[in-house]
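Working notes, structure below.
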Amino acid sequence: MSSRLFQHGIVDSTNERALAAIASGEARDGDVHVAEGQSAGRGRLGRSWSSPAGEGLYLSLLLLPRAAPNPAALTMAAGLGVLEGVRALGAEAARLKWPNDVLASDERGTDAKLAGILVETRGLDPLRPHAVVGVGLNVLQRAFPAELVRERAVTSLALLGLAVTRAAALEGLLAARWPRLAQASAAPAESA
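Straight run, no breaks: the sequence shown in the numbering used here ends on number 192.
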């Protein structure tokens, strides 16, 4: 698995950047796309992901396995990897809510979303299987958009009292995710 890191300014979505790299033939297994911010970040079921510039960690990992990947196995592996990463950053009480959320107790003791994971295998070509694992981690945010807060409780590493930079968060997540995701991407999807 390669370790090429592509750093972008504000983009539509890091998943879109990774998918474009696949379409152009320039992608390598293990490529990581990180953005300063996203104008069209998204989560599961088409929900938008608040991605203000310079406040969170927005990244996508590109996987090019030999066989069509199992999205459920990848989602679980990504979730466990992100969970390990945020715990290593100091959020020891964080927990995984299946299938794609990492939660932590906010200042009121409410389960609040700290990170989200989106696995995409869009347009899966059996001759060229791929998966893109997108992660949004709230790092430095002190406030969130009102419409988001009305929908669900959210938190960040900063609101949890952790002084973590975005660079340290990236390093922590990548260290935790590689082995687990490499193993999961080798597990083929079950055929119907």
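Don't be surprised by glycine CBs; every beta carbon is placed ideally from N, CA and C.
Since we're looking at a predicted model, the values are computed, not measured.
message = In this structure, how does DSSP classify E16 when only helix, strand and coil are distinguished?
response = helix
key: Alpha carbon of G9 to alpha carbon of L137, nearest angstrom   = 17 Å
request  = Check the DSSP bridge columns for H8 and list the partner residues they point to.
outcome  = A35
ask   = Cβ atoms of P71 and P129: under 7 Å apart, would you say?
value = no
request  = Determine the burial state of K113: buried for a count of at least 16 other Cβ atoms within 10 Å of its Cβ, exposed for fewer.
outcome  = Residue environment analysis places K113 among the buried positions, since at least 16 neighbouring C-beta atoms fall within 10 angstroms of its C-beta.
Coil, strand or helix - V154 by DSSP = In this structure, V154 counts as strand in the three-state DSSP scheme.
key: Inter-residue Cα distance where the pair is L57 and R87   = 15 Å
ask   = Can you find a C-beta in chain C that's less than 7 Å from the C-beta of R108?
value = Of the chains in the structure shown, none is chain C; there is only one protein chain.
query = Skipping 5 residues on each side, what residues in its chain have a beta carbon closer than 8 Å to that of A168?
reply = L89
request  = Give the secondary structure of G136 by DSSP, where H, G and I count as helix, E and B as strand, and everything else as coil.
outcome  = strand
message = Measuring straight from C-alpha to C-alpha, what distance separates H33 and R108?
response = 34 Å
ask   = Does the Cβ of R142 have 16 or more other Cβ atoms within 10 Å, making it buried, or fewer, making it exposed?
value = exposed
ask   = First and last residue of the alpha helix (DSSP H) that includes E92?
value = First-last for E92: undefined, no H or E at that position.
ask   = Are G37 and S60 close, meaning C-beta to C-beta below 7 Å?
value = Going by C-beta atoms, G37 is not nearer than 7 Å to S60.
request  = Please list, in chain order, all residues of the same chain as A115 whose beta carbon is under 6 Å from its beta carbon, the five residues on each side excluded.
outcome  = V82, V102, L137
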